[in-house]
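**Student:**
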Amino acid sequence: MTEPVASGGPLTGIRVLDVSTLFAGPLAATFLGDFGADVIKVEHPAKPDAARGHGPAKDGVNLWWKTLGRNKRTVTINLGAPDGAALLLKLVADADVLVENFRPGTLERWGLSPAALHAVNPRLVIARVTAFGQFGPYSARPGFGSLAEAMSGFAALTGEPDGPPTLPPFGLADGIAALATSYAIMVALRGVEQGTGIGQVVDMAIIEPILMLLGGQITAFDQLGTVQQRTGNRSVNNAPRNVYLTADDEWVAVSTSSQSIAERVMHLVGRPELVAEPWFASGHERALHSDILDDAVSSWIRKRPTTEVLEAFEQAQAAVAPVYDVRGILTDPQYAALGTVQSVEDDELGPLKMQNVLFRLSGTPGGIRWAGRRHGHDTAAVLDEIGVSQAQLEALRERGIV
């Protein structure tokens, strides 16, 4: 298979060392690699990134890794061994970013503290991603995104009013933290470019970014003493907002965040008199009358097939969408037009589909150059770049260093 060439993206020339595991740190590095950064994924020789074992596999090949590991060169180094730490320091000398998510104190114990890394390369941006941050009473605890979803208030807000707090069936907090980390890295790189010449340390606690996205609950409690409760698929900010069953026994979602769309929906479903109610003029007040509004919308939708519902809402310029599983995503014309799903040629599985890069840039677009590679696929090539000969490589392998 021809080796893809990492070029053309706006981050071409940026080298990222991804020594993190599982999701938040590695996904942040993936986002950078999607736009041209040379990402070198460093894994333990005997203990690959645990993400390689998550989710479904085909013929022994993990499928989630194909997306999470895309656009990365894979290298094995035992960072806990002195010779392995020395190899990493050689890589650091020519790197721009290092992403890690070990428990606080681990890198320091290996002789790879930020001070040691900056002694080799003062411009290095070091992103440290942990559940609870680098200090504080919880900093030494093990933690994952699920704990952030619990502690942030997300789980308490999610689910039916009479049901339990609900965790998402995917790494939501990790994904949000990954986006925040990639943003923080770009901010820190900009600081280096502005002439400071010093790479900052990013302290990313996974419990924090998701909290920011949960809106004004902290301010509302501070000022009003209110605690937001679970409302299922309803919203405390507007109504009607819910999922509704069509005559085909399929679900559609309706949102009326703006006043004009709320009015259009009521006219569409044959209840224009509700628009004249004094409470209808406020999204918050409409939410307090969700039972009335949901009954009007659900009874109209339930009598009609999905295609008719979608067409009627489109003609009325009201907001509606089908509730998809993955099959709907792969056949939807809007996703097709955007190129949201791409087919990637892989040397293990052949052509495979995955999500495209996060956004489109008009002049320097990103892209998927290759899917996630085998454990240690690029070890020889990357170490050759820092002067490790073939004989030295074999000696390091015999000792379990790479």
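Numbering of the sequence shown is given in our numbering, commencing with residue 1 and proceeding in unit increments.
In this text, a Cβ means the ideal position worked out from N, Cα and C, and glycines have one as well.
Since the structure is predicted, the reported quantities are computational estimates derived from the model, not experimental observations.
Round the Cβ separation of K58 and L349 to the nearest angstrom and send it over; I've been treating them as touching at under 8 angstroms.
**Tutor:** As a working mapping, residue 58 is identified with position 58 in the sequence shown. As a working mapping, residue 349 is identified with position 349 in the sequence shown. Yes, they are in contact, since the Cβ atoms of K58 and L349 sit about 6 angstroms apart, within 8 angstroms.
**Student:** With DSSP as the reference, label P114 as helix, strand or coil.
**Tutor:** Taking the sequence shown and counting its residues from 1, one reaches residue 114 at position 114. P114: helix per DSSP, three-state reduction.
**Student:** Just checking my contact of N101 with T21 at CB under 8 angstroms: how many whole Å lie between their CB atoms?
**Tutor:** Indexing the sequence shown from 1 puts residue 101 at position 101. Indexing the sequence shown from 1 puts residue 21 at position 21. Between T21 and N101 the Cβ distance is about 6 angstroms, and since that is below 8 angstroms, they are a contact.
**Student:** Who are the near neighbours of S255 in its chain, counting only those whose CB is closer than 6 angstroms to its CB and skipping five residues on each side?
**Tutor:** Position 255 of the sequence shown, counting from 1, holds the residue named residue 255. R241, A319, listed in sequence order.
**Student:** What does a CB cutoff of less than 7 angstroms around D378 pick up in its chain, not counting 5 residues either side in sequence?
**Tutor:** Within the sequence shown, the letter at position 378 stands for residue 378. Correct list, in chain order: R73, T74, V75.
**Student:** To the nearest angstrom, report how far apart S235 and R271 are at their CA atoms.
**Tutor:** Position 235 of the sequence shown, counting from 1, holds the residue named residue 235. Position 271 of the sequence shown, counting from 1, holds the residue named residue 271. Cα-Cα distance, rounded: 21 angstroms.
**Student:** Going by the CB atoms, is the gap between I386 and I77 shorter than 8 angstroms?
**Tutor:** In the sequence shown, residue 77 corresponds to position 77, counting from 1. In the sequence shown, residue 386 corresponds to position 386, counting from 1. Pairing I77 with I386 gives a Cβ-Cβ distance that is not under 8 angstroms.
**Student:** Leaving out five residues on either side along the sequence, give the residues of the same chain with a beta carbon under 6 angstroms from the beta carbon of T67.
**Tutor:** Sequence index remark: in the sequence shown, residue 67 carries index 67 (1-based). Cβ neighbours of T67 beyond the five flanking positions: M354.
**Student:** Return the first residue and the last residue of the alpha helix (DSSP H) that V187 is part of.
**Tutor:** For the purposes of this step, residue 187 is identified with residue 187 of the sequence shown, where counting begins at 1. From DSSP, the alpha helix (DSSP H) with V187 extends over 172-191.
**Student:** Return the CA-CA distance between F404 and A127, expressed in angstroms with no decimal places.
**Tutor:** Summary: the structure shown does not reach residue 404, with the chain confined to residues 1 through 402, and so no result is reported for it.
**Student:** Can you tell me whether L293 is helix, strand or coil according to DSSP?
**Tutor:** Translated into positions along the sequence shown, residue 293 becomes position 293. Here L293 sits in helix by DSSP.
**Student:** Classify K275 as helix, strand or coil using the three-state DSSP reduction.
**Tutor:** Along the sequence shown, one-based indexing puts residue 275 at 275. Before going on, a small fix: residue 275 reads as Val here, not Lys. Helix, per DSSP.
**Student:** Span of the beta strand (DSSP E) holding K41?
**Tutor:** Start at 1 with the first residue of the sequence shown, and residue 41 comes out as number 41. Looking at the DSSP string, the run of the beta strand (DSSP E) that includes K41 is 38-43.
**Student:** Write down the C-beta distance between D203 and G133 rounded to the nearest angstrom, noting that I regard them as a contact closer than 8 angstroms.
**Tutor:** In the sequence shown, residue 203 corresponds to position 203, counting from 1. In the sequence shown, residue 133 corresponds to position 133, counting from 1. Correct: roughly 6 angstroms between the Cβ atoms.
**Student:** Output the boundary residues of the alpha helix (DSSP H) element that contains S146.
**Tutor:** As a position in the sequence shown, residue 146 is number 146, starting the count at 1. Note, S146: alpha helix (DSSP H), 145-151.
**Student:** Kindly indicate the opening and closing residues of the alpha helix (DSSP H) around L157.
**Tutor:** Walking along the sequence shown from the start, residue 157 turns up at place 157. Where L157 is concerned, the enclosing alpha helix (DSSP H) stretches over 154-157.
**Student:** Which one of E345, I368, W300, G80 has the shortest CA to CA distance from G9?
**Tutor:** In the sequence shown, the residue the question calls residue 9 occupies position 9. When only C-alpha atoms are compared, the closest one is I368.
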